[in-house]
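Residue numbers (numbering that gives the first Met the number 0): 0 to 404.
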Amino acid sequence: MPGVELFGAEERKEVNDVLESGMLFRYNHDHLRNGHWKAREFEAELAKFNQVKYAHTCSSGSTAVATAMACCGIGVGDEVIVPPFTYIATIEGALLAGAVPVFAEIDESLCLSPEGIRKVLTPHTKAIVLVHMCGSMGKIEEILQICAEHNLILVEDTAQALGASYKGKMAGTFGKMGCFSFDFFKIITCGEGGAVITNDEQLYDYAHQYADHGHDHIGDNRGMEGHPIIGFNYRIGEMNAAIGVAQLRKIDYIMAQQRKHKKAMKECLAQYPEISFRYTPDESGDSATFLDFFLPDEATARSLVKAFQEAGVPQLTGVQYWYDNNYHYIKNWEHFRNMQTVAKLYVETITPPQDYKTLFLPQTDNLMSRLISLVVKVAWTEEQLSDLTQKMNTALEKVFSKTLV
Ligand SMILES: Cc1ncc(COP(=O)(O)O)c(C=O)c1O
Numbered sequence: 000m001p002g003v004e005l006f007g008a009e010e011r012k013e014v015n016d017v018l019e020s021g022m023l024f025r026y027n028h029d030h031l032r033n034g035h036w037k038a039r040e041f042e043a044e045l046a047k048f049n050q051v052k053y054a055h056t057c058s059s060g061s062t063a064v065a066t067a068m069a070c071c072g073i074g075v076g077d078e079v080i081v082p083p084f085t086y087i088a089t090i091e092g093a094l095l096a097g098a099v100p101v102f103a104e105i106d107e108s109l110c111l112s113p114e115g116i117r118k119v120l121t122p123h124t125k126a127i128v129l130v131h132m133c134g135s136m137g138k139i140e141e142i143l144q145i146c147a148e149h150n151l152i153l154v155e156d157t158a159q160a161l162g163a164s165y166k167g168k169m170a171g172t173f174g175k176m177g178c179f180s181f182d183f184f185k186i187i188t189c190g191e192g193g194a195v196i197t198n199d200e201q202l203y204d205y206a207h208q209y210a211d212h213g214h215d216h217i218g219d220n221r222g223m224e225g226h227p228i229i230g231f232n233y234r235i236g237e238m239n240a241a242i243g244v245a246q247l248r249k250i251d252y253i254m255a256q257q258r259k260h261k262k263a264m265k266e267c268l269a270q271y272p273e274i275s276f277r278y279t280p281d282e283s284g285d286s287a288t289f290l291d292f293f294l295p296d297e298a299t300a301r302s303l304v305k306a307f308q309e310a311g312v313p314q315l316t317g318v319q320y321w322y323d324n325n326y327h328y329i330k331n332w333e334h335f336r337n338m339q340t341v342a343k344l345y346v347e348t349i350t351p352p353q354d355y356k357t358l359f360l361p362q363t364d365n366l367m368s369r370l371i372s373l374v375v376k377v378a379w380t381e382e383q384l385s386d387l388t389q390k391m392n393t394a395l396e397k398v399f400s401k402t403l404v
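Okay, here's the thing in structure tokens:
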């Protein structure tokens, strides 16, 4: 949870600017706000950081995904290819749009596999949502190629990968729109918040309109603004945006620290030949939020999780065994598989090309059962980092006692 490790005077100052005026709403009321426009400022800084023309903030990463789907014209009857390893919000975004999620295999990049995508294409496929998991990017070149061949829209769910890049180009800028989350667990946080980015002016206009009931935001008389499209309320508040402004200014420091710490953790794991690492198409563009690695089989992965626990690793950092995680892997999404809904969803009335109840993706399941991720923190001292790697080693030696090289 890097961003929250660094809350300080900077975040308090930005929040106090808002509290002093009392203007918590992001639009209008120009004369009351002492010149403070935190959402606008955050958007300008986000666009600059991502080297993109436009950014629009939303109330969460989930609403950012929903906004991107709507703005890209993804809707009823469209099939959207999604990964089975993501946060459930990606799937919810497709369902809210009225689209049909279609799951493709992931590969060692922990993101959608290009071969897996090709296997589930149908004449109804409209878009691919590439989720750049755990702070690094997927195989973007191959996936762009598939989009070009089949005239598909690429949406990047970059919720977990602010700061990641491929050959110098930022994650979220390859497709039509990129979507970020600034929830409590992300590289920078607003508490709750999200954003979409794009280079397309029309999509940007749709985004700020869609996320605010279709208002066109022309002029400063809110009641009299036009409504070019139907939308909803996915707005961010000024308090949340204010925290985002302070946090974004720390991102270079956050990434530098994470990269340093990840390197030390990786060196520790690399002593064990049984361990292989997640594939990252451009290592230099890794935001280094997580250290992801595979064990030879599920039993060894489970033994190592247990050994980490006994050695005290979870007290120092997060140990994620995603295979058992309720939110991130389809295996455990009973509610989705059974379409347990309160509101009636379009997808309940049709027959998707996959039976979600029985869907099994063998390649993904094998990878997930062998995968462990360690959270890389920012504020560790040298002593804490050394304590962590010692405890990791204790656990690793126990599991691989005969194979230390
Ligand atoms: C890949 C992905 N997409 C979307 C979201 C949703 O973001 P939020 O929690 O801000 O709604 C998350 C959050 O964890 C995520 O990891």
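C-beta atoms are modelled at their ideal positions from N, C-alpha and C, and glycine is treated no differently.
One thing to note: V374 has its Cβ no nearer than 7 angstroms to the Cβ of G311. Taking 6 angstroms as the cut-off, the C-beta of T316 does not count as close to any heavy atom of ligand 1. Considering only P1, G230, D285 and E42, the residue with the shortest C-alpha distance to I196 is E42.
In this structure, the straight-line span from the alpha carbon of M391 to that of K397 is close to 10 angstroms. In this structure, V75 lies away from A93, with their beta-carbon atoms at least 7 angstroms apart. A straight line joining the alpha-carbon of D251 with that of T89 spans about 27 angstroms.
The beta carbon of Y278 is closer than 6 angstroms to those of E107 and S108 in its chain, skipping five residues each way along the sequence. By the Cβ criterion, the stretch 158 to 168 is in contact with the stretch 284 to 297, since at least three pairs of Cβ atoms, one from each stretch, lie closer than 8 angstroms.
Residues close to ligand 1 by the beta carbon criterion (under 6 angstroms to any non-hydrogen atom) are, from first to last along the chain, S59, G60, S61, V64, T85, Y86, A88, T89, V130, D156, A158, Q159, S180, D182 and G193.
Put simply, the backbone Cα of F183 is about 16 angstroms away from that of T56.
Membership of K305 in the alpha helix (DSSP H) is indicated by the continuous run E297 to A310. Looking at the DSSP output, M176 sits in a beta bridge with V154.
Boundaries for Y53: no alpha helix (DSSP H) harbours it, while the beta strand (DSSP E) harbouring it runs Y53 to C57, taken from the DSSP string. Its Cα nearest to that of N27, the residue N220 stands out among N220, G174 and V64. Collapsing the DSSP output to three states places G190 in a strand. Taking all protein chains shown into account, G21 has fewer than 16 neighbouring C-beta atoms within 10 Å of its C-beta and is therefore exposed. Under DSSP, L129 takes part in a beta bridge, and its partners are E155.
The criterion of a C-beta distance shorter than 7 angstroms is satisfied by F292 and L268. Judged by DSSP secondary structure, I371 falls within the beta strand (DSSP E) whose first and last residues are L370 to V374. If you look at I349, you'll find it isn't in any beta strand (DSSP E); DSSP assigns it neither H nor E. Here Q246 is buried: its Cβ has 16 or more other Cβ atoms, across all protein chains shown, within 10 Å. Listed as beta-bridge partners of D291 by DSSP are S372.
The C-beta distance from Q353 to V128 rounds to 15 angstroms, too long to meet the 8 angstroms contact threshold.
Around G7, the same chain offers no residue with a beta carbon nearer than 6 angstroms, after the five sequence neighbours per side are excluded. M391 sits in a helix when the DSSP states are folded into three classes.
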